[in-house]
Structure formats: C-alpha cells, structure tokens
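Participant:
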Amino acid sequence: MLKVLVIGSGGREHAIAWKLRKSRWVSRVICAPGNAGTGRMAENIPVKDSDLKGIVELARAKEMDLVVVGPEAPLAQGLVDMLEREGIGVFGPTREASKLESSKVFSKRFMVRNRIPTAKAEAFDELKEVRKYIRDIGGPMVIKVDGLAAGKGAFPCETETEAYKALDRISTGEFGTSAGKVLVEEYLRGEEASILAFSDGRTILPMESAQDHKRAFDNDSGPNTGGMGAYSPAPVVTDEISSRVFDEVLLPTVKGMSKLGTPYKGLLYAGLMITDQGPKVIEFNCRFGDPEAQAVIPRLATDFVRPLKACCDGELDRVTLRWSRSSSVCVVMASQGYPGKYDKGHIISGTERAERMENVAVFHSGTALNGNGELVTNGGRVLGVTGMAPTVPEAIRLTYQAVRKIDFKGAFYRKDIGQRALDHLASF
Ligand code: AMP
Ligand code: GLY
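Residues in the sequence shown are numbered from 29 upward in steps of one, following my numbering.
#1: Closer than 7 Å to a non-hydrogen atom of the ligand GLY - does that hold for the CB of Asn313?
#2: For Cys59, tell me which candidate among Val265, Arg350, Val97 has the shortest Cα-Cα distance.
#3: Among Ala221, Lys156, Ser352, whose alpha-carbon lies nearest the alpha-carbon of Gly299?
#4: With respect to the beta strand (DSSP E) encompassing Thr290, which residues constitute its N-terminal and C-terminal limits?
#5: Just reading off the beta strand (DSSP E) that Glu311 is part of, what are its end residues?
#6: Using alpha carbons as the reference points, say which of Ser393, Gly289, Asp451 lies closest to Val420.
#7: List in chain order: all unbroken alpha helix (DSSP H) runs of 4+ residues lying wholly within the stretch 146-199.
#8: Across the stretch 383-391 and the stretch 329-343, are there enough close Cβ pairs to call them in contact, namely three or more that are closer than 8 Å?
#9: Let me know the secondary structure DSSP gives Glu343 once reduced to three states.
#10: Three or more C-beta pairs closer than 8 Å, one from the stretch 268-283 and one from the stretch 228-245: is that the case here?
#11: When you measure from the CB of Gly255 to every non-hydrogen atom of the ligand GLY, does any distance come out below 7 Å?
#12: Hey, Trp46 and Val333 are a contact pair by Cβ (cut 8 Å); roughly how many whole angstroms apart?
#13: Would you mind working out which of Asn398, Pro251, His374 sits nearest Asp435, comparing C-alpha positions?
#14: Just to check, is the beta-carbon of Gly201 closer than 7 Å to a non-hydrogen atom of the ligand GLY?
#15: Would the C-beta of Asp267 count as close to the ligand GLY, meaning under 7 Å from any of its heavy atoms?
#16: In or out: Leu453 buried (at least 16 other Cβ within 10 Å) or exposed?
#17: Give me the Cβ distance between Leu328 and Phe312, rounded to the nearest whole Å; I'm assuming they're in contact under 8 Å.
#18: Return yes when the Cβ of Val357 is within less than 8 Å of the Cβ of Gly218, no when it is not.
#19: Any contact of the stretch 302-321 with the stretch 134-152, i.e. 3+ C-beta pairs under 8 Å?
#20: Given this structure, state the Cα-to-Cα distance separating Pro280 from Lys372, to the nearest angstrom.
#21: Could you check how far apart the C-beta atoms of Phe226 and Leu86 are, in whole angstroms? I think they sit under 8 Å.
#22: Shorter than 7 Å, the distance from the beta carbon of Glu320 to the closest heavy atom of the ligand FMN, or not?
#23: Which stretch, first to last residue, makes up the alpha helix (DSSP H) that contains Arg40?
#24: Going by CA-CA distance only, name the one from Phe134, Ile198, Thr189 that's closest to Leu155.
#25: Could you have a look at Gly65 and say whether DSSP puts it in helix, strand or coil?
#26: Answer yes or no: the CB of Asn252 versus the heavy atoms of the ligand AMP, is any distance below 7 Å?
#27: Give a yes or no on contact between the stretch 275-292 and the stretch 127-144, applying the rule of three or more CB pairs nearer than 8 Å.
#28: Assuming Val413 contacts Val359 (C-beta within less than 8 Å), just tell me the rounded distance between them.
#29: What does the Cβ neighbour count give for Arg141, buried or exposed, with the cut at 16 atoms within 10 Å?
#30: Going along the chain, which residues of its own chain have a beta-carbon closer than 6 Å to the beta-carbon of Glu71, five neighbours each way excluded?
#31: Would you list the one or two residues that DSSP bridges to Tyr259?
#32: Using a threshold of 8 Å, state whether the C-beta atoms of Asp318 and Arg40 are closer than that.
#33: Under the rule that 16 or more other beta-carbon atoms within 10 Å means buried, what is Asp77, buried or exposed?
#34: Could you give the C-beta distance for Glu91 and Lys31, rounded to a whole number, given that I count them as a contact under 8 Å?
#35: If you compare alpha carbons, which of Ser55, Val324, Ser355 is closest to Leu224?
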C-alpha cells in the first residue's frame with residue numbers, strides 16, 4: 029500500500045486527492061497545504077507549496093512513497109530535483125524539464141527546433157523594440173509575457189491599438205520580474221483543446237481530451253482567467269486529430285527533451301488550437317490543467333495511482349488507461365471581480381446538498397474554514413462542480429442543477445460550459 033503526498037491547494041489538487049482516495053493501492057493521502065475540501069476527505073498538513081524544504085522534510089518524516097506536485101511554481105523552483113536527491117518518489121518534471129511551461133521563450137525555441145506545429149513568434153527583451161514590431165505588423169497578434177502568470181499573461185489583440193494597450197499593462201510590472209521579456213505571436217484561429225499526457229521520459233500515454241473555457245464571461249467574452257470550466261471529451265479532437273497530436277506534438281516533445289538531457293517525466297499538457305491545417309501548440313504546461321483535471325480525472329477507470337507511480341519508475345509501457353464512456357462537465361464558481369480584485373470570507377452554503385447528488389463531485393479551489401468552522405470563500409476561483417452523465421446535454425443539465433444548489437455572496441459562473449460540444453453534436 030502506498031502513502032501519497034499531494035502538493036498544492038486548488039481544485040486540481042482536490043480532484044487528484046479525491047481520485048487517489050479511491051485507489052485500492054493507496055492507504056493514506058496527505059495534502060500540503062490542501063484546502064477545506066481536501067481536509068474533509070484526506071489529511072491536510074499546513075506546509076505551503078512554496079516551502080520546498082518543508083515539503084521534503086514532510087515527505088521524509090511521514091515516509092511518503094509518492095509525491096504528486098499539482099502546481100507549476102514548485103516545479104519551476106526545483107522541488108522534483110530536491111525530492112529525487114533524497115530518493116523520494118515524485119511525479120512531476122525537474123526544474124530544467126519544466127521550462128517547457130515556465131519559459132515561453134524556451135518553449136517556443138524548442139518547438140521550432142523540433143518542428144512541432146505552433147504559432148510563429150518573435151521574442152523581445154526591450155519593450156521599445158516590441159512597440160516598433162507592433163507598428164510593423166499592424167494586424168491581429170497575441171502579446172505574451174515570458175514566465176508564469178497563472179494563465180493571465182496572454183493578450184489576444186485584434187488591432188494595433190489593443191496591442192499597445194496590452195504592452196502598457198505589461199510595462200507596469202503587474203506580471204512580475206519576467207515582464208521585460210515579451211513574445212509577439214501570430215493569432216491562431218480555430219477551436220482550443222487540451223491534451224494531457226503521462227510520460228516517463230520514453231513512453232507517452234495521453235488522457236482523453238478536454239476543453240477549457242479561459243474567458244471570464246459567457247460566449248468567450250471578458251478577460252482571460254485560469255479557466256472557468258471544462259468538459260471531456262472534446263468532440264473537436266477527433267481520432268484523426270488525436271493521432272496527429274501524438275505524432276506531431278507529444279512524441280517529438282518527449283524525444284526532444286530526452287535529447288537535451290532533460291527527460292520529461294510527469295504530466296505533459298499540450299494546449300492546442302485546432303486550426304484548418306491541424307493541431308498547433310499554443311502552450312505547454314508541465315502539470316495537470318485546472319479545471320481540466322476536475323473534468324478528465326473523474327472519467328478515468330484505471331486506478332489513478334498506476335500511471336502516476338509508473339511514470340516515477342519508468343514503467344509506463346506496462347500501463348493502459350481505460351475510460352468511462354460518460355461525458356463530464358466542470359463548472360467553476362468564482363468570486364465577483366475575478367480575475368481582478370475580489371473579496372474573501374463569504375460563507376458558502378449548499379455544497380453538501382450538491383455532493384449528495386449522484387455522479388456529482390464538488391471540488392474546492394479557493395475555500396477555507398473560518399473561526400466558527402464555517403466554509404468560506406478564500407480565492408478567485410472558489411469551487412469546481414463536476415457532473416458525469418452518458419451524454420453531454422445530460423452532463424450539462426446535471427452539473428448546473430448541482431451548481432444552483434450552492435450559493436455565496438458575489439458568486440458568478442459561466443452559463444455556457446459545454447455549449448461548444450453541443451454545437452459539434454448538432455453539426456453531425
Ligand atoms: P497562454 O497564456 O499561452 O496559455 O494563453 C492563454 C490564452 O490566450 C489561450 O488559451 C488562448 O485562448 C489565447 N492565445 C494564446 N496564444 C494564442 C495565439 N497564438 N493565437 C490565438 N489565441 C491565443
Ligand atoms: N486551465 C488552464 C491551465 O491549467 O493552465
């Protein structure tokens with residue numbers, strides 16, 4: 029039996045811990061630091077995900093067999109390297125390998141070198157040069173900050189004026205120290221999809237597809253967020269697209285990383301635009317997506333710890349993934365103001381009523397318990413409610429039924445999660 033430590037405190041980590049609790053090979057799940065939701069079904073220990081030494085200490089003291097790192101920041105800071113030096117089993121890429129996410133410039137160069145289809149891009153160190161470049165190309169473009177920006181560092185701009193505005197925001201330093209490095213990209217048209225794949229450095233096992241909803245408001249309007257909802261599978265990822273993603277994206281990525289001497293072990297997330305010419309990579313992430321994890325992981329029929337452990341042991345070729353045929357939909361309930369400023373500490377009601385519904389799971393993201401032991405809001409994205417049903421329309425109905433049972437002051441959520449999948453089904 030395995031003891032597993034899950035690092036992080038979001039909805040993704042709640043989904044990971046929830047699934048691990050269902051594993052027949054797992055005897056204990058600890059979350060560091062976890063949230064109010066993980067505290068109810070696993071053990072929380074208050075070590076922050078930025079306290080790398082604290083995590084190594086904790087894993088050693090509790091004799092954990094496997095550490096699963098949820099968020100990107102500790103990966104980019106080298107948590108995996110530290111745990112491996114101590115001989116502790118860990119699921120996640122090393123600091124070098126996680127550059128695929130933590131540096132957009134590295135990632136873009138890597139894709140170009142390995143002929144992985146992606147948007148054309150130029151990198152700049154000086155904001156002055158960016159201004160000149162914007163003037164030269166004029167038309168639609170996407171401006172991106174290098175480095176980690178919690179999904180909020182990309183600005184799709186239809187016009188030159190919008191591009192200047194985006195640049196002005198970046199130059200305020202709002203996006204941290206990496207704001208000096210800026211990427212200007214070709215604006216890709218098509219439909220987005222996420223493919224999450226396990227890799228042990230040699231073998232790749234893709235999970236079923238998902239689609240995120242990045243914009244804050246209905247009909248893909250408003251600012252980009254970390255993700256307002258997801259569903260799985262994504263009909264835009266046909267069998268043909270899926271095999272092209274494997275051959276043209278996943279395989280050359282894992283091979284290319286090995287060639288660099290930084291084999292990729294962990295979860296490789298390809299954020300894709302499905303264009304007229306086929307799949308193109310928008311970005312790589314080096315961990316499960318949030319909220320994609322809350323939509324995809326519940327559909328996994330294979331014991332979750334199998335692929336996680338096999339990635340650590342270099343035995344992924346021995347694993348096959350089986351999937352529920354049901355569709356899943358995850359709706360994120362957020363705090364008024366997100367992705368900008370928002371209040372915390374509002375009492376949340378109704379989660380138990382929603383959880384009692386069959387085939388519904390309520391994953392906590394930004395929640396906490398107040399002094400009276402009441403569940404309160406503690407972040408921008410507060411809850412992710414997932415429903416699973418045989419068809420997409422049923423999954424949508426079930427999920428929104430559950431969402432409507434939950435309430436907190438300033439709660440907002442998108443009403444159109446899964447709509448794209450319906451549009452696809454209607455066009456068949
Ligand atoms: P990123 O920070 O790279 O994940 O980008 C966030 C979001 O911005 C993506 O999910 C897309 O919706 C959009 N985006 C990023 N790059 C492009 C691009 N080259 N063309 C069109 N949309 C993009
Ligand atoms: N949902 C997008 C991400 O996890 O980066």
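All C-beta atoms, glycine included, are put in the ideal place defined by N, C-alpha and C.
Just so you know, these numbers come straight off a predicted model, no measurement behind them.
Facilitator: From the atom records:
#1: The sequence position of residue 313 within the sequence shown is 285, counting from 1. Yes, Cβ of Asn313 sits closer than 7 Å to a heavy atom of the ligand GLY.
#2: Translated into positions along the sequence shown, residue 59 becomes position 31. When the alpha-carbon of Cys59 is set against those of Val265, Arg350, Val97, the nearest one is in Val97.
#3: The residue you call residue 299 lines up with position 271 of the sequence shown. Ranked by Cα distance from Gly299, the options Ala221, Lys156, Ser352 are led by Ala221.
#4: In the sequence shown, counting from the first residue as 1, residue 290 sits at position 262. From DSSP, Thr290 is part of no beta strand (DSSP E); its letter is neither H nor E.
#5: The residue given as residue 311 occupies position 283 in the sequence shown. Where Glu311 is concerned, the enclosing beta strand (DSSP E) stretches over 306-313.
#6: Taking the first residue of the sequence shown as 1, we reach residue 420 at position 392. Selected option, being the one with the closest Cα: Asp451.
#7: If we require 4 residues or more, the alpha helix (DSSP H) runs fully inside the stretch 146-199 come out as 155-165, 188-199.
#8: At 8 Å Cβ cutoff, the stretches do not touch.
#9: As a first step, residue 343 is located in the sequence shown; it is residue number 315 there, counting from the start. Glu343 falls in the coil class under three-state DSSP.
#10: Yes: at least three Cβ pairs fall under 8 Å.
#11: Taking the sequence shown and counting its residues from 1, one reaches residue 255 at position 227. Gly255: yes, Cβ under 7 Å from the ligand GLY.
#12: Indexing the sequence shown from 1 puts residue 46 at position 18. Indexing the sequence shown from 1 puts residue 333 at position 305. Rounded, the Cβ-Cβ distance is 13 Å, inconsistent with contact.
#13: Here residue 435 is taken as the residue at index 407 of the sequence shown, counted from 1. That would be His374, whose Cα lies nearest to the Cα of Asp435.
#14: Taking the first residue of the sequence shown as 1, we reach residue 201 at position 173. No, Cβ of Gly201 sits at least 7 Å from all heavy atoms of the ligand GLY.
#15: The residue given as residue 267 occupies position 239 in the sequence shown. Answer for Asp267: no, Cβ out of range of the ligand GLY.
#16: Start at 1 with the first residue of the sequence shown, and residue 453 comes out as number 425. Leu453 should be labelled exposed.
#17: The sequence position of residue 328 within the sequence shown is 300, counting from 1. The sequence position of residue 312 within the sequence shown is 284, counting from 1. Rounded, the Cβ-Cβ distance is 22 Å, inconsistent with contact.
#18: Residue numbering aside, residue 218 sits at position 190 when the sequence shown is read from its first letter. Residue numbering aside, residue 357 sits at position 329 when the sequence shown is read from its first letter. No Cβ-Cβ contact shorter than 8 Å links Gly218 with Val357.
#19: They touch, by the three-pair rule.
#20: Counting from one through the sequence shown, the residue named residue 280 turns up at place 252. Counting from one through the sequence shown, the residue named residue 372 turns up at place 344. Straight across, the Cα-Cα distance linking Pro280 with Lys372 is about 44 Å.
#21: The residue labelled residue 226 in the question sits at position 198 within the sequence shown. The residue labelled residue 86 in the question sits at position 58 within the sequence shown. In this structure Phe226 does not touch Leu86 by the C-beta definition: roughly 25 Å separates them, more than the 8 Å allowed.
#22: Among the ligands present in this structure, namely the ligand AMP and the ligand GLY, the ligand FMN is not found.
#23: Walking along the sequence shown from the start, residue 40 turns up at place 12. 39-49 is the extent of the alpha helix (DSSP H) around Arg40.
#24: As a first step, residue 155 is located in the sequence shown; it is residue number 127 there, counting from the start. When the alpha-carbon of Leu155 is set against those of Phe134, Ile198, Thr189, the nearest one is in Ile198.
#25: Here residue 65 corresponds to residue number 37 of the sequence shown, with the count starting at 1. In the three-state reduction of the DSSP assignment, Gly65 falls in the helix class, which pools H, G and I.
#26: The residue given as residue 252 occupies position 224 in the sequence shown. At least one heavy atom of the ligand AMP is nearer than 7 Å to the Cβ of Asn252, so yes.
#27: Judged by Cβ distances under 8 Å, the stretch 275-292 makes contact with the stretch 127-144, as three or more pairs qualify.
#28: The count along the sequence shown starts at 1 and reaches residue 413 at position 385. The count along the sequence shown starts at 1 and reaches residue 359 at position 331. About 5 Å separates the beta carbon of Val413 from that of Val359, a gap short enough to meet the 8 Å contact definition.
#29: Taking the sequence shown and counting its residues from 1, the one referred to as residue 141 is at position 113. Per the 10 Å Cβ criterion, exposed.
#30: Residue mapping note: residue 71 aligns to position 43 of the sequence shown, counting from 1. Here the set comprises Ile58.
#31: As a working note, residue 259 is residue 231 in the sequence shown. According to DSSP, Tyr259 bridges with Gln239, Val357.
#32: If you number the sequence shown from 1, residue 318 lands on position 290. If you number the sequence shown from 1, residue 40 lands on position 12. Contact flag set, yes.
#33: Indexing the sequence shown from 1 puts residue 77 at position 49. With 16 or more Cβ atoms within 10 Å of its Cβ, Asp77 is classed as buried.
#34: As a first step, residue 91 must be located in the sequence shown, where it is residue number 63. As a first step, residue 31 must be located in the sequence shown, where it is residue number 3. Indeed they touch by this definition, with Cβ atoms about 7 Å apart.
#35: Position 196 of the sequence shown holds residue 224. Among Ser55, Val324, Ser355, the Cα nearest to that of Leu224 is on Val324.
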